[in-house]
Amino acid sequence: MGKTIAEKILSEHSNKDAYANDIVVANIDIAFVQDGTGPLTIQELQKLGKEEVFNSNRTMLFIDHAAPSPREELSNAHSILRNFAKKTGVRLYEIGAGISHQILIEDHVNPGEVIVGADSHTCTSGAMGAFATGMGSTDIAIAMALGKTWFRVPETFRINIDGKLSRGVYSKDLMLHFIGIIKADGATYKSLEFAGETIENMIMSERLTLANMAVETGAKTGLIASDKKTKQFLEQQGRGNRFKTIRSDEDAIYERNIDIDASNIVPMVSAPYAVDNVKTVEKVTGIKVDQVFIGTCTNGRLEDLRVVAEYLKGKKKHVDTRLIVAPASRTVYFQAIKEGIIQILVEAGALIFPPGCGACVGIHGGILGNNEVCLSTQNRNFKGRMGNPRGEIYLCSPATAAISAIKGEITDPRERI
Amino acid sequence: MKLIGKALKFEDNISTDLIIPGRYFHLRTDLQELAKHVLEDADPDLAKKVQKGDFVVAGKNFGMGSSREHAAIVIKLTGVSAVLAKSFARIFYRNAVNIGLPVLELDTNGIDEGNELEVDLSRGIVFNKTKKFEMRVKPLPKVMVNILEDGGLVAHIKKHRDFKLD
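Chains A and B, in that order, are what the protein sequence lines are.
If you're matching positions, the first sequence starts at 31 in our numbering and goes up one per residue.
If you're matching positions, the second sequence starts at 760 in our numbering and goes up one per residue.
Below, the structure written as structure tokens:
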């Protein structure tokens, strides 16, 4: 019987012929935590009496949520991570290195691997053909100690996407459209497999945006078969030798097949306070925007910043709108400097934040005032998400964010200035 | 084991941002303090009205969003003895079991705020004492039952040195 990508990877990692709904114990390739979840993981490891990890080369700590620390409590939490890294030899990514998911893609993840992280957007790495999923601190503590964890093999929803995205429409719009159809719990504990000609034509950066938001449908992971584009990406990152083909079999069994025609998709937003409260940009055009935030593990990559720079070149942000940009990693930041993107953004009136997660999670930087509206390229707009339950967040693509920053109100990016 | 308490009712899609908002991120290393703000953006009076043994009763997709296990921990710290919902977001579901907080999946439409409930964990039955009717809970996979019975994942691994699947 044929297998889905999830069934293949979990079979290989559990030495079992595993299919959907089986419970398996699978070996893991990478386990990681961030500064919000890591201190608890370390505490649980100590309760277990463990001071070492299964593989210190593939265990990582990322200080990305409160980077740099805005408060003494968080500075002390960071010390816990730094001390643990010194003791165990695991890799610590310091403040300024960037967001865990971005660094994992740049430096570590390979097709066919199992990645577990104490952060819900761990599913981002699924775009590389890796079974990647977020878990809590204790699950990761055990994964770090034993080098394995248990899974119920998920059923798969196959999302077949064909057609060409129109000008001004991006993979973010496609994903918001999809979430609008499937809803916030429509794929609870399923594996999403994105396939079809639209996906085949997408570069890695665009694929990562899709996989990143898989969890917003409740999914366990969001997978894309590895192919030429994956190989190209790995080669660029200096690990082309780690490429391996991983794709579902012709006769694999999917719980659902969902067909999407990409050519019909228009720019989309998620309106407050739910990611699945999806509307076309056209429906919300003209809503005044107090703050635009461009960045995050969803859309803070170089390709996103290039799009933003195209819109902002020679322009100024609206006088009543604050524009904040946070590159997803130091590598992205540095490349954006070299390409002149940062200069364009700063000239347009943008404030550049250090690479990290802070604003998206409401920890520090960019916290909204009462009744303020933020348009953001991030993945969540839950009540209170950006630090104030009386603020409102709309989610959109980098293009919609950029043009709206200029106009001071939500604007359709197809309306070139 | 039988648990008795009253229902604290919540709607669908209670996110982890509602359970422990990001603005209290710095309190994650001071869980007793963080627990004072539990579910504050969904019900500002909750921390005051919750009594030991009470049940959080919600609609579908409880605990959606982030992986922050602290969300499950602070619910437990307030004295809540179990969370009942039509469905759970899966990371929260695993987290709750891992820290020894029972999570019960059942149709919660028949339960109103303040209803007295009696939960029989081993038989998987919820009895609404106020309205006098019984409901069956969707069973957990065996591995999760084992983890819960051992008092959480760390205790489970200490006991068995591995995951006990059956």
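We put the CB at the ideal spot given by N, CA and C, even for glycine.
Where residue i and residue j are concerned, what is the direct C-alpha to C-alpha distance, given to the nearest angstrom?
i, j, result
"A/S109", "A/T34", "42 Å"
"A/I447", "A/N45", "Low confidence applies to A/I447: its pLDDT is 49, below 50, so where it sits in the model is not reliable, and the reading given next is rough at best. Cα to Cα, A/I447 sits roughly 57 Å from A/N45."
"A/N87", "A/L122", "11 Å"
"A/A356", "A/R188", "33 Å"
"B/A801", "B/V842", "15 Å"
"A/N329", "A/I254", "18 Å"
"A/V337", "B/V816", "45 Å"
"A/E351", "A/K318", "In the sequence as displayed, the identity of residue 351 of chain A is Thr instead of Glu. Cα to Cα, the separation comes out at about 9 Å."
"A/K80", "A/D442", "54 Å"
"A/T168", "A/A214", "25 Å"
"A/E37", "B/A848", "21 Å"
"A/S130", "B/K888", "48 Å"
"A/N106", "B/K890", "50 Å"
"B/I763", "B/E875", "7 Å"
"B/V797", "B/F886", "26 Å"
"B/K819", "A/M205", "22 Å"
"B/T837", "B/D789", "14 Å"
"A/H348", "A/L405", "13 Å"
Would you mind reading off the limits of the beta strand (DSSP E) that contains residue i?
i, result
"A/A56", "53-57"
"A/R121", "121-123"
"A/E221", "The identity of residue 221 of chain A in the sequence shown is Ser, whereas the question assumes Glu. Start and end: 221-225."
"A/T186", "186-192"
"A/K309", "308-310"
"A/Q64", "60-64"
"B/L843", "841-844"
"B/D879", "875-879"
"A/A356", "352-356"
"B/E864", "862-864"
Using a C-beta cutoff of 8 Å, does residue i count as contacting chain B?
i, result
"A/A36", "no"
"A/F412", "yes"
"A/I447", "Residue placement at A/I447 is flagged as unreliable, the pLDDT there being 49, under the threshold of 50; a coordinate-derived value is accordingly withheld."
"A/S130", "no"
"A/A356", "no"
"A/R188", "no"
"A/I393", "yes"
"A/P419", "yes"
"A/N53", "Note that residue 53 of chain A is Ile in the sequence shown here, rather than Asn. Interface residue, yes."
"A/K194", "no"
"A/A366", "no"
"A/A50", "no"
What residue range does the alpha helix (DSSP H) around residue i cover?
i, result
"A/D334", "332-342"
"A/S300", "Per DSSP, A/S300 belongs to no alpha helix (DSSP H); it is in the beta strand (DSSP E), 298-300."
"B/Y852", "849-857"
"A/G216", "Note, A/G216: premise wrong, no alpha helix (DSSP H); not H, not E."
"A/A431", "428-437"
"A/T315", "A/T315 -> no alpha helix (DSSP H), and no H or E assigned at all."
"A/E280", "First-last for A/E280: undefined, no H or E at that position."
"A/N449", "Missing from the structure shown is residue 449 of chain A; chain A here goes from 31 to 447 and no further."
"A/N411", "Unbroken run through A/N411: none, as it is neither H nor E."
Taking CB distances under 8 Å as the criterion, tell me whether residue i reaches chain A.
i, result
"B/L912", "yes"
"B/H919", "no"
"B/G764", "no"
"B/V816", "no"
"B/G822", "no"
"B/H829", "yes"
"B/L805", "no"
"B/L798", "no"
"B/V878", "no"
"B/D776", "yes"
"B/T837", "no"
"B/R882", "no"
Give a yes or no on contact between the stretch 227-246 of chain A and the stretch 144-162 of chain A, applying the rule of three or more CB pairs nearer than 8 Å. yes
Unbroken stretches of the beta strand (DSSP E), 3 residues or longer, contained in the stretch 369-407 of chain A: 403-406
Runs of beta strand (DSSP E) wholly within the stretch 765-833 of chain B (minimum 3 residues, chain order): 814-817
Could I get the ranges of all uninterrupted alpha helix (DSSP H) runs contained in the stretch 79-130 of chain A, with 4 residues as the minimum, in chain order? 102-118
Check whether the stretch 414-423 of chain A touches the stretch 337-347 of chain A, taking contact to mean three or more Cβ pairs, one atom from each stretch, closer than 8 Å. no
At least 3 beta-carbon pairs within less than 8 Å: the stretch 860-875 of chain B vs the stretch 177-195 of chain A: no
contact_flag[the stretch 407-417 of chain A, the stretch 780-789 of chain B] where n(CB pairs < 8 Å) is 3 or more: yes
Is it a yes or a no for the stretch 262-276 of chain A touching the stretch 291-307 of chain A, going by three-plus beta-carbon pairs under 8 Å? no
Does the stretch 195-215 of chain A come within contact of the stretch 64-78 of chain A, defined as at least 3 CB pairs closer than 8 Å? no
Does the stretch 890-900 of chain B touch the stretch 768-778 of chain B, meaning 3 or more C-beta pairs lie closer than 8 Å? no
Inter-stretch contact (C-beta, 8 Å, three-pair minimum) for the stretch 157-177 of chain A and the stretch 254-265 of chain A: yes
Listed from N- to C-terminal order along the chain, which residues in the stretch 852-867 of chain B have their beta-carbon within a distance smaller than 7 Å of any beta-carbon of chain D? Judged by its chain identifiers, the structure shown contains no chain D, and its protein chains are A and B.
Unbroken stretches of the alpha helix (DSSP H), 4 residues or longer, contained in the stretch 886-923 of chain B: 901-908, 912-919
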